[in-house]
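Worksheet: one structure, shown below.
In UniProt numbering, the protein residues as written are 1 to 119.
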């Protein structure tokens with residue numbers, strides 16, 4: 001496994017809290033039906049128009065922000081697309097939060113000595 005990917009996994013594991021959200025919102029269509037490799041159109045057919053669409057800042061691609069609602073509670077949820085327009089990540093966080101996680105993972109990368117760069 002490459003080192004930047006390992007660092008990203010470590011950062012994601014440290015963010016915690018996802019198990020609770022996944023249990024509460026697991027039946028929401030975006031959570032239950034969206035899978036890696038789906039297109040933007042497929043995601044919009046499942047979840048409707050996103051609240052916002054942003055260009056990714058760390059890796060080429062775009063990101064859709066949604067707000068899930070369950071029993072009066074609201075939770076941010078994002079679906080991220082690679083440069084080919086296919087889902088490569090979904091999470092209980094905003095696109096901006098996902099971008100920060102990616103940026104920190106890249107900065108932390110052992111291959112760069114923790115000083116950023118290296119790509």
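Cβ atoms here follow ideal geometry from the backbone N, Cα and C, with glycine treated the same way. Just so you know, these numbers come straight off a predicted model, no measurement behind them.
{"Asked": "What does the Cβ neighbour count give for residue 106, buried or exposed, with the cut at 16 atoms within 10 Å?", "Found": "buried"}
{"Asked": "For residue 40, which three-state DSSP category applies?", "Found": "helix"}
{"Asked": "Apply the 10 Å Cβ neighbour rule to residue 56 and answer buried if 16 or more other Cβ atoms are within range, or exposed otherwise.", "Found": "buried"}
{"Asked": "Would DSSP call residue 87 helix, strand or coil?", "Found": "strand"}
{"Asked": "Which class does residue 68 belong to by DSSP, given the choice of helix, strand or coil?", "Found": "strand"}
{"Asked": "Suppose you measure from the CA of residue 89 to the CA of residue 41; what does that come to, to the nearest Å?", "Found": "16 Å"}
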